[in-house]
Amino acid sequence: MAITVDIDREVCIGSGNCVHISEGSIELDDDGVATVVDAERATIDQLRRAARSCPTAAITIDGEQ
Amino acid sequence: MGERCRLRGCRRVHGDRGGDGSRARAGNQEQETRGGLCVTRDVVVVGGGVAAHRCALELRRLGHDGTVTVISGERHPPYDRTFLSKDMLVEDVDLVPLAPRSEYTDQGIELLLDVTAVALDADARRVQLSDDTARRYDSLVLCVGGRPVLPPALDAPGVAVMREATHLDRLRAILARGGQLVVIGGGFIGGEVASAAVTRGLDVTLVEQAGAPLEAMLGAEVGTRVAALHRERGVKVVTGVGARAVSASQSGYRVDLDDGTTLSADAVVVGVGMAPATDWLTGSGLELDHGIVTDASCRTSVDSVFAAGDCARWWHPAYESLCRVEHWDTAGRHGTAVAKTVLGSAEPFMPLPFVWSDQHGVKLQWAGRAAGWDDVRVEGDDPARFVARYYRSGQLIGVFVSGQPREFAKARKELAASMCPPDQGR
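Top to bottom, those sequences are chains B and Y. When we follow this note's numbering, the leftmost residue of the first sequence carries the number 1, and every step to the right adds one. When we follow this note's numbering, the leftmost residue of the second sequence carries the number 66, and every step to the right adds one.
Here it is as structure tokens:
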């Protein structure tokens with residue numbers, strides 16, 4: 001099933017927590033903003049944890065695995 | 066520009082290190098930039114938190130090809146500490162590493178775990194370790210963090226604190242047993258522990274010496290709202306009275322408060338602050354003053370020694386004062402910044418301090434300078450949804466937001482835009 005990971009670029013401050021929580025599904029781009037590179041690398045639980053743990057609540061997860 | 070160093074400004078240009086920060090000098094210029102080359106070969110990073118982790122990886126990212134050794138007193142490779150007092154108290158999840166072990170290997174970063182630094186010989190450029198070995202360095206980065214303060218009067222057998230993975234087992238056992246929990250201290254850690262405990266069904270009392278949780282930092286207007294959030298979710302909040310003593314007996318704990326009343330508890334958690342873990346550096350020649358004093362570029366008063374993270378008290382050019390910030394986000398950025406300095410940059414570290422907390426399902430966020438505000442304006446009475454702006458002489462210097470991340474993002478940008486060193490104008 002498709003997983004949708006939405007990151008609000010206006011809200012993200014580039015703390016980078018999602019990067020280590022999501023097993024590389026998310027990386028910081030050249031502007032230091034979190035960007036999805038491959039949502040399938042992480043489990044849905046890891047992605048949900050990344051969303052819940054985001055210091056600025058910039059990440060929204062939708063979908064099941 | 067050095068051949069190996071990808072940083073601009075490898076030939077160091079000394080920035081303004083005025084004010085108190087001028088006492089911290091940069092003595093490593095000659096060694097590191099001799100002949101225009103970055104010749105630092107062996108970098109030793111002491112610490113196992115996010116600052117140490119980011120520093121080590123940033124050194125490699127910038128092209129440092131000498132050795133990098135990270136020395137941590139913890140048994141685990143660097144992990145996400147923010148989880149400890151949040152998800153990990155509510156769910157049975159493992160530590161979240163900041164990088165897989167293989168990444169350190171691949172990057173040629175040596176991790177020495179379960180070993181602490183016990184003495185610094187700056188003249189010989191050696192760090193003595195707890196396993197009776199020593200490490201020589203060309204550059205030493207101190208990211209030694211801090212320890213939870215546990216006043217002797219509150220330290221009874223079994224009393225818990227929270228900062229590191231080693232504290233987690235005791236706290237988890239407390240939450241698993243249930244019953245009555247007294248949390249002493251209403252700061253961010255105390256609030257998160259209280260939140261997790263009440264979520265798990267414990268009978269929780271939060272004791273805060275000030276008039277409200279977080280009041281010492283954020284004032285009464287915000288503090289009373291945070292107290293209301295705790296109370297709405299079932300935490301008993303006792304304010305305006307400190308805990309004088311904790312004693313243990315077979316039937317549990319007794320907490321004596323300053324006003325003569327007592328509380329009974331099955332467990333006690335103390336969250337009354339943190340102290341930099343710098344005792345071992347006394348007499349080393351480093352300037353210590355409530356932390357390791359550095360200039361704006363993370364350089365200590367001693368040749369080739371740098372500091373970053375919770376242990377460092379650095380000169381913040383925009384705030385024109387020495388700052389020590391105990392927050393995860395700032396520590397991580399500090400680690401990146403110090404790596405640049407080690408390789409020859411003189412770029413000042415000038416972050417907008419930021420902290421967040423998750424309490425009772427509500428995102429609490431702060432950005433700005435925590436000291437010196439003279440006015441606070443709060444919009445919203447709902448403790449799970451309000452915005453507080455902090456001013457000094459009419460200028461916005463900080464913002465605290467409950468449950469409205471988009472409002473926080475807007476205010477944070479406004480703060481960041483207004484923050485620049487006075488000598489650069491606005």
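Even for Gly, the Cβ is constructed at its ideal location relative to N, Cα and C. A quick note: this is a predicted structure, and the numbers were derived from the prediction, not measured.
Open item on the list: Between residue 25/B and chain Y, is the shortest Cβ-Cβ distance under 9 Å, so that the two count as touching?
Closed with: no
Open item on the list: Just checking: is the beta-carbon of residue 41/B within a distance shorter than 9 Å of some beta-carbon in chain Y?
Closed with: no
TODO: Starting from the beta carbon of residue 145/Y, find every residue of chain B whose beta carbon is closer than 9 Å, and list them in chain order.
DONE: 17, 20, 21, 53
- [ ] Output, in sequence order along the chain, the residues in the region 247-265 of chain Y whose CB is closer than 9 Å to any CB in chain B.
- [x] none
Task: the region 420-436 of chain Y: positions lying closer than 9 Å to chain B by Cβ - done: 420, 421, 423, 428, 430, 432
Task: residue 399/Y (DSSP reduced to helix, strand or coil) - done: helix
- [ ] Give me whichever residues DSSP pairs with residue 357/Y in a beta bridge.
- [x] 353/Y, 377/Y
Task: alpha helix (DSSP H) runs wholly inside the region 225-301 of chain Y, at least 4 long, in chain order - done: 230-242, 253-264, 280-297
- [ ] Taking all protein chains shown into account, decide if residue 13/Y is buried (16 or more other Cβ within 10 angstroms of its Cβ) or exposed.
- [x] Because residue 13/Y is not part of the residues shown, which for chain Y are 66 to 491, the question remains open.
Task: Residues of its chain near residue 86/Y, where Cβ-Cβ distance is below 7 Å and the 5 sequence neighbours each way are ignored - done: Only weak support is given to the placement of residue 86/Y: the predicted model assigns it a pLDDT of 40, under 50, and the value that follows is read from those uncertain coordinates. Excluding sequence neighbours, residue 86/Y sits near 360, 361, 380, 387.
Open item on the list: Check whether chain Y comes within 9 Å of residue 34/B, counting only Cβ atoms and requiring the distance to be less than that.
Closed with: no
TODO: Return the CA-CA distance between residue 214/Y and residue 3/B, expressed in angstroms with no decimal places.
DONE: 44 Å
Open item on the list: Could you tell me the alpha carbon to alpha carbon distance between residue 250/Y and residue 259/Y, rounded to whole angstroms?
Closed with: 10 Å
Task: residue 416/Y: contacting residues in chain B (beta-carbon distance under 8 Å) - done: Simply none; closest approach about 11 Å.
Task: Buried versus exposed call for residue 291/Y [16 or more other C-beta atoms within 10 Å across all chains shown] - done: buried
Open item on the list: Determine, for residue 89/Y, whether the minimum Cβ-Cβ distance to residues of chain B falls below 9 Å.
Closed with: Here the model assigns residue 89/Y a pLDDT of 43, short of 50, so the residue's position is not dependable, and the following value carries that caveat. It does not: the Cβ of residue 89/Y has no partner Cβ on chain B nearer than 9 Å.
- [ ] Could you tell me which residues DSSP puts in a beta bridge with residue 60/B?
- [x] 6/B
Open item on the list: Tell me the rounded alpha-carbon separation between residue 255/Y and residue 159/Y.
Closed with: 22 Å
- [ ] Identify, in the order they occur along the chain, each residue of the same chain with its Cβ nearer than 7 Å to the Cβ of residue 121/Y, setting aside the five sequence neighbours on each side.
- [x] Spatial neighbours of residue 121/Y in its own chain (CB-CB distance under 7 Å, excluding positions within 5 residues in sequence) are listed in chain order as 110, 133, 135, 174.
- [ ] Just grab the DSSP bridge partners of residue 186/Y for me.
- [x] 191/Y
- [ ] Please work out which residues of its chain come closer than 7 Å, Cβ to Cβ, to residue 279/Y, disregarding the five sequence neighbours upstream and downstream, and give them in chain order.
- [x] 251, 252, 287, 288, 291
Open item on the list: Could you check whether the Cβ of residue 60/B sits closer than 9 Å to any Cβ belonging to chain Y?
Closed with: Look at residue 60/B: its C-beta is not under 9 Å from any C-beta on chain Y.
- [ ] Count the other CB atoms, across all protein chains shown, that sit within 10 Å of the CB of residue 37/B; report buried if there are 16 or more and exposed otherwise.
- [x] exposed
Task: Unbroken alpha helix (DSSP H) run spanning residue 153/Y, endpoints - done: Residue range 152-155 is occupied by the alpha helix (DSSP H) that includes residue 153/Y.
Open item on the list: So for residue 306/Y, helix, strand or coil by DSSP?
Closed with: coil
Open item on the list: Which same chain residues end up closer than 6 Å to residue 331/Y when comparing Cβ atoms and leaving out the 5 residues on each side of it in sequence?
Closed with: 244, 245, 317
TODO: Check each residue of the region 390-403 of chain Y: if its Cβ is closer than 8 Å to any Cβ of chain B, include it; give the result in chain order.
DONE: 393, 394, 397
Open item on the list: Going by DSSP, what residue range makes up the alpha helix (DSSP H) through residue 369/Y?
Closed with: Taken as a continuous stretch (DSSP letters only), residue 369/Y belongs to no alpha helix (DSSP H), as it is neither H nor E.
Open item on the list: Please classify residue 67/Y as buried or exposed, where buried requires at least 16 neighbouring CB atoms within 10 angstroms.
Closed with: Residue placement at residue 67/Y cannot be trusted, given a pLDDT of 33 that sits under 50; the coordinates are not used to answer.
- [ ] Compute the distance between the beta-carbons of residue 407/Y and residue 108/Y, then report whether it is under 9 Å.
- [x] yes
Open item on the list: With the cut-off set at 9 Å, would you say residue 116/Y and residue 342/Y are in Cβ contact?
Closed with: no
Task: Buried versus exposed call for residue 314/Y [16 or more other C-beta atoms within 10 Å across all chains shown] - done: exposed
Task: Span of the alpha helix (DSSP H) around residue 469/Y - done: For residue 469/Y, there is no enclosing alpha helix (DSSP H), since its DSSP letter is neither H nor E.
Open item on the list: Give the list of continuous beta strand (DSSP E) stretches no shorter than 3 residues that lie fully inside the region 392-460 of chain Y.
Closed with: DSSP runs (the beta strand (DSSP E)) wholly in the region 392-460 of chain Y: 419-424, 427-433, 440-444, 451-457.
Task: Three-state secondary structure (DSSP) of residue 207/Y - done: Here residue 207/Y sits in strand by DSSP.
Task: Coarse secondary structure for residue 200/Y, derived from DSSP in three states - done: Residue 200/Y: strand per DSSP, three-state reduction.
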